[in-house]
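In the working numbering, the protein residues as written are 1 to 65.
Positions of the beta carbon are idealized from the N, C-alpha and C atoms, including for glycine.
The structure appears below as structure tokens.
As structure tokens, this is what we get:
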């Protein structure tokens, strides 16, 4: 979150997108390797990944990517 009086620049958004995409990639690998995990927990992780993908898509759209 940005401090009061500071606005985000396109570079801030790009940096946020890179961090989000890195986290998304890491979590996707974890879910792929978690076939023996409890089904409800695995489903929750997959929903969370979907939300992360949606946010990455919104950031790409804001950047015109």
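{"query": "Environment of residue 1 [buried if 16+ CB atoms lie within 10 Å]", "result": "Residue confidence for residue 1 is low, a pLDDT of 43 falling below 50, so the modelled location carries little weight; the figure read from the coordinates is stated next. Residue 1 comes out exposed."}
{"query": "Terminal residues of the alpha helix (DSSP H) in which residue 10 lies", "result": "10 to 32"}
{"query": "Selection from 31, 36 and 61 that minimises the alpha carbon distance to residue 50", "result": "31"}
{"query": "Cβ contact (3+ pairs, closer than 8 Å) linking the segment 54 to 61 and the segment 36 to 46", "result": "no"}
{"query": "Residue 33 to residue 43 span [Cα, whole Å]", "result": "14 Å"}
{"query": "Cβ-Cβ distance between residue 21 and residue 56 below 9 Å", "result": "yes"}
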